[in-house]
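Have a look at the structure below, then the notes.
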């Protein structure tokens, strides 16, 4: 593709530069408007500067990617309501054997969750929980936060729905869900193991403190017991006693009556006057007093029995209602899991990914059988808008001819039919993913890398897409700014009120730089298309 006129190239580059600065540094002092607004600003400037027309801007928005992203976010919201992430959290703390065991579990749970529910969702939900466990066990939070962010990035590479750049690659390449998974899964499994081993090597001494090991084991049980006590305290069954007691007090008020159909209403007991043989009013003798007391006792006994029947009736009704609610909740959660599993099966069968995700989302909304607005409000619409603006901005930058010129210069050295070419291509993707972010890198290089590989063979084209998915995803571990998942973990940890921790850029880089190079290199050896 030939370069556009100098003025258009300069204006397009300026618009893309503004987008890049705001995407990487969303709170810059001169324009602190955030990533989403920065993306839309870049798109608007592309049209205003004449780099592309309004129709070309609308055409640049990739609706299948947006549909797939929206559907998976809705499914994740309902999975969170169905306690999926709570179960994952309990898996982290169940019978933990110490700091090292907890670190490995963090890596496994984060990798698994991110492959199915996207890395960003995984980090949002699990950061606070992992901070809590680390703090309560007197363990340093840093290795666990690094384990969460890095394992979430690596695990998300395994599926097309694991992260946004994989969504783009899956839609643009036409690779089926199953082919994508089986092609990249070996690299993901080995990469996750190697990543965990690097973390253990770097932080072995911090995790081997005897005090830490002694404290770790009992803490998860305490956490679970606290949750159980809290939920039991406010359950309907345990609230029955105050109600019955309150009702019991009302029974003694004048003029009050019981509403239960099984209860009898007694008139107040009148004083008994005993007339002697002489016809004069005298005090009752002992036998008469015994009769009166017996009458009172019998009547009091009947009233007490009625009140006990009332209490038992209330308990039975409320326990029955609670059991019914628990049964409904269990059925609903089972339905959520079944629908999610059906979506994954549909994706594995090669059905349209966008419509499969949207269908699953709508099925969950119908299953919930209530106003869906609260759940739909949890969808990250700013992220969807960010993608819209990014599609337009990147397409406008492509029209300047700069990306094509750059790839024409690099293509002879980055062909994937030689080991040297694969290494150079991986380094280019690593660099651009940390400079321009991974999703724009995929949009800029994807079609060009695939076209170059297609000239070799169809299998090489598929390999090129898988290499792009793997390297652009793992590249997020290189620095704190490499992926949104890293930033989510960092911000969630910093803003935590009870367990706050600041993960700095350089402390992340000390682990991220060597780990990324090692994991990326090992994964490249294992990626093969079927």
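Numbering (my numbering), first residue to last: 4 to 533. Here a beta-carbon is modelled for each residue, glycine too, at the ideal position from N, C-alpha and C.
Can you tell me whether residue 443 is buried or exposed? The criterion is at least 16 other CB atoms within 10 Å of its CB, across all chains shown.
As a first step, residue 443 is located in the chain shown; it is residue number 440 there, counting from the start. Classification for residue 443: buried.
With distance defined between alpha-carbon atoms, name the residue in 91, 64 and 353 nearest to residue 181.
As a working note, residue 181 is residue 178 in the chain shown. Residue 181 has its Cα closest to that of 353, out of 91, 64 and 353.
Can you tell me which of the three DSSP states residue 8 falls into?
Taking the first residue of the chain shown as 1, we reach residue 8 at position 5. The answer is coil: DSSP assigns residue 8 none of H, G, I, E or B.
Cβ-Cβ distance between residue 160 and residue 468 below 8 Å:
Translated into positions along the chain shown, residue 160 becomes position 157. Translated into positions along the chain shown, residue 468 becomes position 465. The answer is no: Cβ separation not under 8 Å.
Rounded to a whole number of angstroms, what is the C-alpha to C-alpha distance between residue 527 and residue 189?
Here residue 527 corresponds to residue number 524 of the chain shown, with the count starting at 1. Here residue 189 corresponds to residue number 186 of the chain shown, with the count starting at 1. Answer to the nearest angstrom: the Cα atoms are 10 Å apart.
Kindly list the residues whose CB is nearer than 7 Å to the CB of residue 518, restricted to its own chain and excluding five residues on each side of it in sequence; keep chain order.
What you label residue 518 is simply residue 515 of the chain shown in a count that begins at 1. Around residue 518: 153, 198, 201 and 480.
Is it the case that the segment 321-337 contacts the segment 32-49, given that we only count it when at least three CB pairs across the two stretches are under 8 Å?
no
Give, in chain order, every unbroken run of the alpha helix (DSSP H) that is at least 4 residues long and sits entirely within the segment 397-464.
405-413, 422-438 and 441-457
Looking at C-alpha atoms only, which residue of 390, 471 and 370 is the closest neighbour of residue 454?
Indexing the chain shown from 1 puts residue 454 at position 451. Among 390, 471 and 370, the Cα nearest to that of residue 454 belongs to 471.
Measuring alpha carbon to alpha carbon, tell me which residue in 174, 401, 88 and 355 is nearest residue 465.
Stepping through the chain shown from its first residue, residue 465 is reached at position 462. Ranking the options by Cα distance to residue 465, first place goes to 174.
Mind checking residue 461: buried by the 16 CB within 10 Å criterion, or exposed?
By 1-based counting over the chain shown, the position of residue 461 is 458. Looking at its Cβ environment, which holds fewer than 16 other Cβ atoms inside 10 Å, residue 461 is exposed.
Would residue 447 and residue 397 qualify as a contact pair, given that the criterion is a beta-carbon distance under 8 Å?
On the chain shown, position 444 is the one that residue 447 refers to. On the chain shown, position 394 is the one that residue 397 refers to. Closer than 8 Å, so yes.
Going along the chain, which residues of its own chain have a beta-carbon closer than 7 Å to the beta-carbon of residue 538, five neighbours each way excluded?
The displayed coordinates of the chain run from 4 to 533. Any statement about residue 538 would go beyond what the structure contains.
Cβ-based neighbour list, residue 459, same chain, cut-off 8 Å, excluding 5 preceding and 5 following:
The residue labelled residue 459 in the question sits at position 456 within the chain shown. 418, 419 and 420.
Considering only residues of the same chain and omitting the five flanking positions on each side of residue 120, which have a CB-CB separation below 7 Å?
For the purposes of this step, residue 120 is identified with residue 117 of the chain shown, where counting begins at 1. So the list reads 79 and 82, once near-sequence residues are dropped.
According to DSSP, is residue 531 part of a helix, a strand, or is it coil?
As a position in the chain shown, residue 531 is number 528, starting the count at 1. Coil.
Contact under 8 Å by Cβ, residue 74 with residue 363
To locate residue 74, count along the chain shown from 1; it is residue 71. To locate residue 363, count along the chain shown from 1; it is residue 360. For residue 74 and residue 363, yes; Cβs fall inside 8 Å.
Stretch pair the segment 388-403 + the segment 98-107: three plus CB contacts closer than 8 Å
no
My understanding is that residue 21 touches residue 51, with C-beta atoms under 8 Å, so please give their C-beta distance in whole angstroms.
For this step, residue 21 is matched to residue 18 along the chain shown. For this step, residue 51 is matched to residue 48 along the chain shown. Between residue 51 and residue 21 the Cβ distance is about 12 Å, and since that is not below 8 Å, they are no contact.
For the candidate residues 451, 438 and 497, whose alpha-carbon lies nearest to that of residue 23?
For the purposes of this step, residue 23 is taken as the residue at position 20 of the chain shown. The shortest C-alpha to C-alpha distance from residue 23 to any of 451, 438 and 497 is the one to 438.
Would you call residue 66 buried or exposed, if buried means 16 or more other Cβ atoms sit within 10 Å of its Cβ?
Counting from 1 along the chain shown, the entry for residue 66 is found at position 63. So residue 66 counts as exposed.
Please tell me whether residue 496 and residue 485 are closer than 8 Å, where the distance is taken between their beta carbons.
Your numbering for residue 496 matches position 493 in the chain shown. Your numbering for residue 485 matches position 482 in the chain shown. Not a contact, by the Cβ cut-off of 8 Å.
In whole angstroms, what is the alpha-carbon distance linking residue 177 and residue 422?
Here residue 177 refers to the residue found at position 174 of the chain shown. Here residue 422 refers to the residue found at position 419 of the chain shown. Cα-Cα distance, rounded: 26 Å.
Following the continuous alpha helix (DSSP H) through residue 87, name the residue where it begins and the one where it ends.
Counting from one through the chain shown, the residue named residue 87 turns up at place 84. Looking at the DSSP string, the run of the alpha helix (DSSP H) that includes residue 87 is 87-96.
Complete alpha helix (DSSP H) runs within the segment 97-152 (minimum length 4 residues, chain order):
102-120 and 122-139
Cα-Cα, which of 313, 18 and 368 is closest to residue 379?
Start at 1 with the first residue of the chain shown, and residue 379 comes out as number 376. Answer by Cα proximity: 368.
Of all the options 58, 57, 76 and 34, which has the alpha carbon lying nearest to the alpha carbon of residue 365?
On the chain shown, position 362 is the one that residue 365 refers to. Among 58, 57, 76 and 34, the Cα nearest to that of residue 365 is on 76.
Among the residues of its own chain, which have a CB less than 7 Å from the CB of residue 248, if the five just before and after it don't count?
Looking up residue 248 in the chain shown gives position 245. Because residue 248 carries a pLDDT of 38, less than 50, the predicted location of this residue cannot be relied on, and the following value inherits that uncertainty. Hits under 7 Å: none found.
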